[in-house]
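In what follows, a single structure is set out as structure tokens and then discussed.
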Amino acid sequence: MESRQLLEWASTHRIVDQTKQGFINYLENWKKENRDDFFDTFKGKSNLKVITTELNSIQLTHIHEYTDFVYCNLRILYLGSDIGDYRMVFTLEGKVADDLIHFDKYIDNTIKEGTVKVEIIIRAIKHGYRIEEISKLVELDEVIIKPLFES
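If you're matching positions, the sequence shown starts at 141 in the working numbering and goes up one per residue.
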């Protein structure tokens, strides 16, 4: 299969949308099943507002003497910094076969440093500072911190 065909197949089966929704479901299930571990990892609810994903790759993989799968890989970003990957595995029929998440070994440091910025942002919002001012203060793009301005 050529790259163009793979991308058409992915579009037809809404692979990226399914993977993004799968990531959201993964986090929600984690929070329900192991709340303490979940919040220990992300250091509070406000931090969840600044977690985003972006498409990293779509891959067709042949497993010798088994079958073919398509992997859709998302980068997980926290305040714009890469903290891990989420992968959803699909059959060639477009059905979800599996998913997995992998966090960077430095996630704790990234989240701790980011939590300080999130706390500064929240305090600045409460004191009436504008997004432009806060963005410069914490040296982050407005797009990244905008979710903290939304209820």
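No residue lacks a Cβ here, since even glycine has one placed at the ideal position from N, Cα and C.
Remember, predicted model here, so these are calculated numbers, not experimental data.
Run of the alpha helix (DSSP H) containing residue i, from where it starts to where it stops
i, result
"residue 254", "247-266"
"residue 277", "271-278"
Per-residue DSSP class, three states only, for residue i
i, result
"residue 229", "strand"
"residue 217", "strand"
Inter-residue spacing [alpha-carbon to alpha-carbon] between residue i and residue j
i, j, result
"residue 277", "residue 258", "12 Å"
"residue 262", "residue 208", "47 Å"
"residue 237", "residue 270", "45 Å"
"residue 264", "residue 272", "11 Å"
"residue 150", "residue 179", "33 Å"
"residue 243", "residue 250", "11 Å"
The beta strand (DSSP E) enclosing residue i, as first and last residue numbers
i, result
"residue 288", "Looking at the DSSP string, residue 288 is not in any beta strand (DSSP E), and its letter there is neither H nor E."
"residue 240", "236-243"
Proximity winner among the options, relative to residue i (alpha-carbon distances)
i, options, result
"residue 227", "170, 197, 273", "197"
"residue 156", "173, 201, 205, 215", "215"
"residue 254", "188, 290, 240, 203", "188"
"residue 159", "143, 240, 175, 252", "240"
"residue 285", "248, 220, 232", "220"
"residue 163", "154, 153, 245, 225", "225"
"residue 144", "230, 289, 199, 175", "199"
"residue 248", "183, 161, 151", "183"
Beta carbon proximity, residue i to chain D, threshold 8 Å
i, result
"residue 183", "Here chain D cannot be found, since the structure has a single protein chain."
| Continuous alpha helix (DSSP H) assignments of at least 4 residues falling wholly in the stretch 148-208 | 155-173, 175-182, 185-188
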